[in-house]
Every structure is written in structure tokens, then in C-alpha cells.
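Notes for the one structure printed next.
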Amino acid sequence: MGIVYDEKQRTITLHTKNTTYQMQIDRYGFLLHLYYGKSAEGCMDYLLTYYDRGFSGNPYDAGNDKTYSMDSLPQEFPSLGTGDYRTPACIIKNTDKTYCSDFRYESHCIKEGKYSLEGLPAVYADENEAQTLEVVLTDRVSGVRAVLLYGVLPEYDIITRSVRIINGSTGNISVKKLAPACLDMVGGEYDFITFYGRHAMERNFQRMPVGHGVAKIGSLRGSSSHQYNPAVILAEHEATEDAGGCYAMSFVYSGGFQSEAGQDQYSQTRLLMGFSEEQFAYPLRPGEALQSPEVIMSYCAEGLAKLSQNLHRCMRIHLCRGKYKEAVRPILINSWEASYFDFTGESLLQLAQQAADLGMEMFVMDDGWFGKRDSELRGLGDWKVNEEKLGCTLGELIDKVNALGLKFGIWIEPEMVNEDSDLYRAHPDWAFVIPGRRPNRSRHQLVLDFSRPEIVDYIYEQICGVLDQGNIEYIKWDMNRSLADIYSATADSQGRVLHDYVLGLYSFLERLVNRYPNILIEGCSGGGGRFDAGMLYYTPQIWCSDNTDPIDRLLIQYGTSFIYPASTVGAHVSASPNHQTNRTTTLKTRGMVAMAGTFGYELNLNELSSEEKEEIRGQIKEYKKYAKLIQGGLYYRLTDPQTDNQGAWEFVSEDRSEALVQVVGIKKHANMTVDYIKVKGLRENTMYRDTETGRIYNSTALREAGIPKPVLNGEYKAYQWHFVLAE
Ligand code: GLA
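Positions 89 to 815 (our numbering) are the ones given, in order, by the sequence shown.
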């Protein structure tokens, strides 16, 4: 296992437990990609084929050999200008104003441990858990270097990639396109799986064949976005949840991105993941470098379920950080859907009192507690506690909440400003506005220019000033609009601003987690508009969607589960009829769907009947019973809620001694046919006991024939089975 260099073949091979990745330094110094798939020994350069292809470029070094062309050879880091006319991973504008980069192998080294990236989130691991490969490529004419980084976590079947562009030339250059991960597949037929959506309906699953022409998804919004998630899967046409080859790429980045998948003229597939090209032209003076964020990659020969589990494990244990990363998260009550902006200190305390009575563990004061923030129209930027509204100081409110036995959490939206705020009146030039143009508003707010460190510093101080007022144990970090009107007064090039904004955001978050190591931060961007692996490095959970309707959540959480672990998925029980869809569902159904994430409540508890309160007490006890299994278990999708009669999923303990199966009906008809839920991941041909009925089941039969879902009248019924090994 690990990274092996074969001097004779000039191959570099990365081995993980079940996969192998191989590249070769070829005769002209190009770094070719040979193989990524099931574990395999030996040299795979027999996969390279050479034919005289019309209209393909031949590098000068190949002399009269017309069969040698980068237009058909699989590469690790394709660029413009070498004779490859496919979509490149990198475009650089050189000092001489040309766009050519001819990267050739210069050197490489293998190191113990996993590289880290300054100022950027990245997978981390101990020295004995990972290795790093660094390959230096150089354009010998321009002097520009590309340092390719590969992190290998063998036990996890994870390989990460990042690239550093160093301006080794004598003048200024700019990086116009940069995709740290490129996968060139010489054969095979694949599907491109992506996760599209919109506000309150994020991460819908889409699977489409990779054809001729490039399919591209991405975000031009300056954040990863509700519209497309920065994670994709390339799956063999036949791949299912349980079988078939599939590759994942998850970008550890919270800004604009793009992923491209397409077949070339010879039906070879190229998959790329990197920065969005729009408004991107990152300037580098001589000696300066641009470090790209990294991409987490995994290959699995055994279908999508295991591919997801590979990503889940890696993100849960090697990306999320802090004291809560593997701890069961406190069950919270959030004030937003309980009272929106309309609260007083007294009404908040009443809600907290109810929450404490029912067994909840943390009270979160959402939007509306600062400045003149009684509506969306004003107040953002003024991080001063509205003591008049609260009727006391923040410290006093926190003390009272703590006295009820609850932790206290608070909502913030540091990146934003309302025009109606003291901050904007004092510093109108701190928001993104292009001189001479009127800016685009969104939710009546503008975005602060976080590419400027002095603005980040100022807001950081303001926020710390609030956090220091009492025993705050949780922050919900929100971000409620997309970026626009990109202009930064102090930038040497506007093409750097979007990336520098993300670096500013990360520097703020890094300082925050270091200064307040005991605070749990939950990410949020109008729900799941910035649900990405980059944020997970700072915020081990993210509010999954502003849509709390459990039936819509079946779809949202289904899509989310392909990439992100349940321990990161913020999910709350809210009121019925639901505030976003007006749909009526039972408390049981709402509870079950919310339990498949980091559990909480978000409704006015004072309006509940005593039966409902009793049921919530039971739900909380039940969640606590299963919380470890849910947060740390292996996740299986048992149905496709987009097409099946129900949403069904399962958590299985790592040792496969225990499983929790949860099912919510979606479609309902008279005289309904019986659906059998096929239970996965248990030990082969082993007896398990249903802990509720005591009935014994055989695991192979449970998987092959399934378990009948009861046919009960009523919509959106929820069912659950908990299996343990039978003695
Ligand atoms: C966003 C969040 C909500 C809530 C509101 C407050 O929409 O996603 O959960 O915090 O902002 O304004």
C-alpha cells in the first residue's frame, strides 16, 4: 500500500486498500494518467495507444511521429498549447500575453503524512495514516511551474488532489482556469451524477450519460450554491447502489466552482473539477503562487452505497474538526420557525422553558436580536445586541437559559450588510458595488467585501464582542444571498476578488474556531446554499435546507447522502401544516426524517397539545438511543424517493451488529400493494432480532426478499425497525 515509484517504468502508483491509481512520466516528460480502479499491480502503460489521427497536434519533440498526440493521450494535468484540444485543467496567460503552457515533469517526492494547505480547508491525517506525493511540472519556456499534490489515505480509499501554480517567470502572469482534479478515462461508458436544486429544494439527484460534448455544472454565485453542489460522481452505466464502478469528486471549497464531463472524439471521458472560470483571472507576480483548494476523490468497484460511505468516513473523521466532530450533537430548539423576527426576551425564555421541560439540550436564538433587525430590511452589519427588544443584556439572557439546563446558541450573518444600517452609513464602500452602477439587491442586502482583510478584521472584532458577552456554545453562521457586483477598491485585479473573498471567509472561520474551541458552529446559507466539504472543515454540521417539510426533505436528504454524512446534515422537526409547503404530516414522520441528521426542533412549543408534548419527550429519548448509530453508522439508501412509493434508509454499525431502518411512505393508493424494504449491510445469513417485537429474522432473507412495509391508511406514514444480533 501507499505510494510507489518504479524507476524503470517511470510510473508512480498510489495504492489504497481497494484501489490503485497510476501515472507515468513518458518519454517526452509528459505526465500521463494510466489507471484508476480496483487494486492492481504492475505497469498499465499498455493501455496507451498510438495512432496517426488527423487534425491532432503532435509535439515538436515527437519529430515525424504523427502517432504521438496529447489530443488522445490520457493526462494528469492537461493544459492549453500542447496539441490537446479537449477542455483543459489549466489556462495561464503568460508574461508574453500568450495562453500556452507546456508542463513537463521536473521532479517528484513522496512524503509521510498528508499535505495541508495554508489558508484553505483540507483533509488531515496523522503521519502513519496518509502519504503525500508531490510532482513538479515545469513549462521550460515560461518558467511557470505546476506542483501537483496527491494525498493518499489508504484505509479510506481516498485520494485528494490539489495544485499550486508558481510564477517562475520574470513578469506577471494570470491564472485563467484551474481544475486541481482531472480524470482521463481511456475507455468505458459513464453516467455523470450531479446534484442540482434551488433555494429550499437543494441537491436533487440527476444521472445522465456522458456523451460527446461537455456537460458542465457549477456556480457563478461566489458560493457553492443551492443550484449545483460542488460534488459529482462518474458511474458506469450499469452501476447501482450495490454493484459497479463509480468515481466521486468532492471539491473542498465554498466559492464558485465548475465540473465538466465529456467524451472526446475517440469516446474517451474527461472529468474535471475546479474553480469557476467566470470572473476568474488570478494575477501572480514573479515568485508568487496560487494554491488551489483540494478535491477529495474516491473510487469504488462495489456501487454507490460504498462510494458514499468512503466519503462519509473521510469527511466525518478527517475533515470535520473540533470537540463536536464525533460527539453526539446537542438536541436544539431554534427560534426561527417558532417566532421569526417577532420575539422578546420573555417570549424566548418561554420557548426555552418548554424546550427544557421536553428534554431538549440547547436553545438557539435565530435572526432578529441585533441592531434594528425587526425585518429583513435592516440591521445586518450592526452586531450590537438589541437589549431593548430582549429586555435585558445578552449575558443575562444566556444565564437564564443556562439556568434552565440548556446551552445557548446564537445566529449571525457576518458577510452581509443592509443599506439601512449604521455600518453601511459609515462605510458604504465596504459592500460590493461597482462604481457608477447601482448594485443588485437580494433579500434587501449587500455583500461585504471579504477579500479585504481590514473588513474581515473589523467584523471579526464585532462578532467576538458579542460572543464574549456570555456562555455561548453554538453559532449558526448564515449567508443569505449570492455575490454580485464584484469590484474591490484595493485589488490589483478584479479577477482575484471572488477567490480572495473565500480566503477571507476561511480566515475569519479559522480564527473563530481557534479562539472558541468549545463552540459548535453550524453552517447555513439560506439552508443548504453553501453545503460543501470546505465549510465542513470549520462547521461540522450545516443546516441542510430552509425546507423543513419532511416529504420534501426525503428528496433533499437523499441527494445529500450521496456525498455528505448524516452527522453533518442539520434537520429539525417543525410545525404542521409545514410553513414552506403547507403540507400536513404526523409528528412521528417529522421526527423520523429529522432524526436522520443532527436532530432538533424549530416550532412554537407553546402551541403544542399535551399529547404532542408527550410524543416529543418519547422522540427525544429515542433519538438519544440511536444517535451514535446515526452519526457514526454506515449509511444505506434503501429506495429512491424520486420514483419509489417510499423513502427508506438505514444506519448500520461498523461491526454490523446493529441496524436502524427508517421508512416514510410517499405515495398512497386505495387497496395498496405491499412494498418490501430490502435491508442491507447486515452480516451474511445471520439471525437478527427486531428489538421492538422480539421477532427473529435472517439477514440474507431480509436483504433478498425484504421486510413487508405495513399497509396502513393515511398519508406519509413512518415505520422503523431496529435490528440487533440475536443471541
Ligand atoms: C436563513 C436561514 C434560516 C433563518 C433565516 C433568518 O434563511 O436559512 O434558517 O436563519 O435565514 O433570517
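All C-beta atoms in this analysis are idealised placements derived from N, C-alpha and C, irrespective of residue type, glycine included.
Which runs of the alpha helix (DSSP H), 4 residues or longer, sit entirely within the segment 459-523?
475-478, 482-491 and 510-514
For the pair the segment 216-223 and the segment 199-208, tell me if three or more CB-CB distances fall below 8 Å.
yes
Grouping DSSP H, G and I as helix and E and B as strand, with all else coil, what is residue 760?
coil
Can you give the Cα-Cα distance for residue 299 and residue 188, rounded to whole angstroms?
28 Å
Starting from residue 805, trace the beta strand (DSSP E) in both directions and tell me its first and last residue.
Run containing residue 805: none; DSSP gives neither H nor E here.
Which runs of the beta strand (DSSP E) at least 3 residues long sit entirely within the segment 240-322? Give them in chain order.
Entirely contained in the segment 240-322, the beta strand (DSSP E) runs reaching 3 residues are, in chain order, 246-254, 261-266, 269-273, 278-286, 289-297 and 301-307.
Helix, strand or coil at residue 213 according to DSSP, with G and I counted as helix:
coil
Can you find the residues in the same chain that come closer than 6 Å, C-beta to C-beta, to residue 150, ignoring five residues on each side of it along the sequence?
156
As a quick exercise: from 418, 446 and 417, pick the residue whose alpha carbon is nearest that of residue 697.
For residue 697, the closest alpha carbon among the candidates 418, 446 and 417 is that of 446.
Flag this pair as touching only if the segment 248-264 and the segment 280-300 have three or more C-beta atom pairs under 8 Å; answer yes or no.
no
Any heavy atom of ligand 1 closer than 7 Å to the Cβ of residue 424?
yes
Please work out which residues of its chain come closer than 7 Å, Cβ to Cβ, to residue 771, disregarding the five sequence neighbours upstream and downstream, and give them in chain order.
744 and 787
Give a single yes or no on whether residue 685 has its beta carbon closer than 7 Å to a heavy atom of ligand 1.
no
Are there 16 or more other CB atoms within 10 angstroms of the CB of residue 800, so buried, or fewer, so exposed?
exposed
Output the residues surrounding ligand 1, defined as those with a CB atom closer than 6 Å to any ligand heavy atom, in chain order.
424, 454, 455, 499, 566, 568, 612, 614, 615, 631 and 634
If we count Cβ pairs, one from each stretch, closer than 8 Å, do we get three or more for the segment 248-256 versus the segment 362-381?
The segment 248-256 vs the segment 362-381: in contact.
Taking the alpha-carbon positions, what's the residue 180 to residue 171 distance?
16 Å
Does the separation of the CB atoms of residue 716 and residue 631 fall below 8 Å?
no
Could you check what DSSP says for residue 419 in three-state terms: helix, strand or coil?
coil
Residue 654 classed as buried or exposed, judged by whether at least 16 other C-beta atoms fall within 10 angstroms
buried
Could you tell me whether the segment 592-603 touches the segment 511-522, where touching means 3 or more Cβ pairs closer than 8 Å?
no
To the nearest angstrom, report how far apart residue 242 and residue 109 are at their CA atoms.
Distance between the alpha carbons of residue 242 and residue 109: 11 Å.
Ends of the beta strand (DSSP E) at residue 607?
Note, residue 607: premise wrong, no beta strand (DSSP E); not H, not E.
Please classify residue 362: does DSSP put it in a helix, a strand, or coil?
strand
Where are the beta strand (DSSP E) runs, 3 residues long or more, that stay fully inside the segment 342-392, in chain order?
345-351, 357-363, 370-372, 377-379 and 383-388
Between which residues of its own chain and residue 863 is the CB-CB distance below 6 Å, once the five residues before and five after are set aside?
Because the chain in this structure spans residues 89 to 815, residue 863 falls outside the shown range and cannot be described.
Am I right that residue 752 and residue 806 are in contact with their C-beta atoms under 8 Å? What's the rounded C-beta distance?
Confirmed, about 5 Å.
Quick check on the DSSP output: the alpha helix (DSSP H) that includes residue 427 runs from which residue to which?
424-427
Here's a check: name, in chain order, each residue in its chain whose Cβ is nearer than 7 Å to the Cβ of residue 763, leaving out the five neighbours to either side.
733, 734 and 797
What are the boundary residues of the beta strand (DSSP E) that includes residue 582?
DSSP places residue 582 outside any beta strand (DSSP E), giving it a letter other than H or E.
Can residue 165 and residue 210 be called in contact, C-beta distance under 8 Å?
no
Is it buried or exposed for residue 400, if we count other Cβ within 10 angstroms and need 16 for buried?
Residue 400 should be labelled buried.
Segment limits, beta strand (DSSP E) that includes residue 338:
For residue 338, the uninterrupted beta strand (DSSP E) run begins and ends at 334-339, by DSSP.
Once DSSP output is grouped into helix, strand and coil, what is the label at residue 551?
helix
Any idea if residue 759 is buried or exposed, counting beta-carbon neighbours within 10 angstroms, 16 or more meaning buried?
exposed
So which of 318, 374, 354 and 238 has the shortest CA-CA distance to residue 257?
374
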